[in-house]
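Visitor: Have a look at this one.
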Amino acid sequence: MSFLRLFHLQGISFVLPNFPMSVFVGLKDDLLAAQADTRSARAQLEGEVALNGRLRSAISDLSASWELEPMDESREAARGDALVDQLCYLGATLRDRVRDALHTGVKRAMAVVCSGFSYDMEVVSHGFLTDISKTDAENEERLHALIDDVEVPGERLAKLFEPEVLPPETSLGADDGGEGRDVD
Numbered sequence: 013m014s015f016l017r018l019f020h021l022q023g024i025s026f027v028l029p030n031f032p033m034s035v036f037v038g039l040k041d042d043l044l045a046a047q048a049d050t051r052s053a054r055a056q057l058e059g060e061v062a063l064n065g066r067l068r069s070a071i072s073d074l075s076a077s078w079e080l081e082p083m084d085e086s087r088e089a090a091r092g093d094a095l096v097d098q099l100c101y102l103g104a105t106l107r108d109r110v111r112d113a114l115h116t117g118v119k120r121a122m123a124v125v126c127s128g129f130s131y132d133m134e135v136v137s138h139g140f141l142t143d144i145s146k147t148d149a150e151n152e153e154r155l156h157a158l159i160d161d162v163e164v165p166g167e168r169l170a171k172l173f174e175p176e177v178l179p180p181e182t183s184l185g186a187d188d189g190g191e192g193r194d195v196d
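So this is what it looks like as structure tokens:
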């Protein structure tokens, strides 16, 4: 009686101790289940790697469109949280730029008012003036009417200053049919 036995399973040959076949049936089932789990994990990992690549491209494109430093792929690739770090950096930087744009726009609008009109800029800098003889609701209605009246000329004025506050347009989202981009 031999103590070793040659087995073949899915093209793989094994030499195992000569145990009763019932022992190996359980092992075969476990092996097949492990192979299925491995295939599933591999597919999930490949999906994550593809998503990671798309995120890196999107972050790189966004950084380039706002003329920010691109991610250092060689250094950042080893860190699992590099994308999060880059997104946090982008968020903070873009917040600063939007704030600067707001301040620039307000200052430019005040300069436009000063260029041809006679107003006390100290009073203008406090915002909308309310009529103390009116109720809050009436003042709110007046404010909305004023905003409606300046919508078209305000849009025209804003377009004059867009080159100062916006980065040049790029082909962001070109590979996804332009989804995710606002279109005016």
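Taking the numbering used here, I'd label the letters of the sequence shown as residues 13 to 196. Cβ atoms here follow ideal geometry from the backbone N, Cα and C, with glycine treated the same way.
(1) Beta-carbon separation of L102 and L67 under 9 Å?
(2) Work out the CA separation of I71 and R168 for me, nearest whole Å.
(3) Could you check whether the stretch 112–130 touches the stretch 162–177, counting it as contact only if at least three pairs of C-beta atoms, one from each stretch, sit closer than 8 Å?
(4) Give every residue of the same chain whose Cβ lies closer than 7 Å to the Cβ of A113, excluding the five residues on either side of it in the sequence, and list them in chain order.
(5) Would a C-beta distance cut-off of 9 Å place T116 and L80 closer than the cut-off?
(6) Quick check on this structure: which residue in R54, L57, R109, Q98 has the alpha carbon closest to the alpha carbon of W78?
(7) Expressed to the nearest angstrom, what Euclidean distance is found between the alpha-carbon atoms of A46 and L99?
Guide: Inspection of the coordinates gives the following:
(1) Numbered from 1 along the sequence shown, position 90 holds the residue referred to as residue 102. Numbered from 1 along the sequence shown, position 55 holds the residue referred to as residue 67. The beta carbons of L102 and L67 sit no closer together than 9 Å.
(2) Taking the sequence shown and counting its residues from 1, the one referred to as residue 168 is at position 156. Taking the sequence shown and counting its residues from 1, the one referred to as residue 71 is at position 59. If you take the alpha carbons of R168 and I71, they lie about 31 Å apart.
(3) The stretch 112–130, when compared against the stretch 162–177, does touch it at the 8 Å Cβ threshold.
(4) As a first step, residue 113 must be located in the sequence shown, where it is residue number 101. Hits under 7 Å: V177.
(5) Locating residue 116 in the sequence shown gives position 104, where the first residue counts as 1. Locating residue 80 in the sequence shown gives position 68, where the first residue counts as 1. For T116 and L80, no; Cβs fall outside 9 Å.
(6) Sequence index remark: in the sequence shown, residue 78 carries index 66 (1-based). Ranking the options by Cα distance to W78, first place goes to R109.
(7) Within the sequence shown, the letter at position 34 stands for residue 46. Within the sequence shown, the letter at position 87 stands for residue 99. Whole-angstrom Cα-Cα distance: 37 Å.
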